[in-house]
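Shown next, in structure tokens, is the structure this report addresses.
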Amino acid sequence: MIWTNSSANDFKKIDSLKADLLVSDSPGNIKDLHIKIGDAYYENSCNVEAMDYYKKALAASQAEGNFSSIAVSYMKIGIVYMELGSFDLALDSFLKARELTCSKYNNLRAEIDMNIGVLLEQTGSFDEALTYLFGSLEFYQNDESYDLQNLLQAYSSIGIVYGRQEKLDSALFYLNEAL
Numbered sequence: 001m002i003w004t005n006s007s008a009n010d011f012k013k014i015d016s017l018k019a020d021l022l023v024s025d026s027p028g029n030i031k032d033l034h035i036k037i038g039d040a041y042y043e044n045s046c047n048v049e050a051m052d053y054y055k056k057a058l059a060a061s062q063a064e065g066n067f068s069s070i071a072v073s074y075m076k077i078g079i080v081y082m083e084l085g086s087f088d089l090a091l092d093s094f095l096k097a098r099e100l101t102c103s104k105y106n107n108l109r110a111e112i113d114m115n116i117g118v119l120l121e122q123t124g125s126f127d128e129a130l131t132y133l134f135g136s137l138e139f140y141q142n143d144e145s146y147d148l149q150n151l152l153q154a155y156s157s158i159g160i161v162y163g164r165q166e167k168l169d170s171a172l173f174y175l176n177e178a179l
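123 is the number that this note's numbering gives to position 123 of the sequence shown; each next residue is one higher, with no gaps.
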């Protein structure tokens, strides 16, 4: 890793968040700080440190009984496992996160499904990947808050799967939708 001013600022941010963590007495705030610190480490490719803080967030969320936060923690743990190439552990984490989301399809469920779809694409389970990715796409197409980044990611991911299946017309269609 090349040390840049940006990196120095990122690690100052982490130090600041850790200082906030030391004085926080609210379980919800502690959980949120663990997630933020994990995110900052992940953004700087410090996956071991990110995993440590995501697991701390998971423990805090479980102690609080906050199912949405537990699901977010499992999803973030799954993302790090996927980054590390531990696909079975990633899928297990994503499925635990998915299990905890409400039965109604929501933004968190769509994000988890997109991660599952991307993971399944990476492992060559293309048809199963498409099932999850199309679920995410449908949600984002109908989402009133309209998260453009996630919508474009869903289109792009579907295009990539079709490309890997050598279904080039379909790949081109979905990749063009992402542009």
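We put the beta carbon where it would ideally sit given N, CA and C, even for glycine. Computed from a predicted structure; not experimentally measured.
query: Own chain residues within Cβ distance below 6 Å of I158, not counting five before or after; result: L133 and Y174
query: Residue ranges of each alpha helix (DSSP H) within the segment 29-88, 4 or longer; result: 47-64 and 67-83
query: Three-state secondary structure assigned by DSSP to L108; result: helix
query: Outcome for S73 when other beta-carbon atoms lying within 10 angstroms are tallied against a minimum of 16; result: buried
query: Residue range of the alpha helix (DSSP H) that includes Q165; result: Counting along the chain, Q165 falls outside any alpha helix (DSSP H), and DSSP gives it neither H nor E.
query: Beta-carbon proximity list for A171, same chain, < 7 Å, skipping 5 on both sides; result: G159, Y162 and G163
query: Cα-Cα separation, Y155 to L137; result: 7 Å
query: Span of the alpha helix (DSSP H) around G124; result: That residue, G124, is in no alpha helix (DSSP H); it is neither H nor E in DSSP.
query: Residues near Y42 by beta carbon distance below 6 Å, same chain, minus five either side; result: A50
query: Rounded separation between K220 and D169 - CA only; result: This structure gives no information on residue 220, because the portion of the chain shown stretches from 1 to 179.
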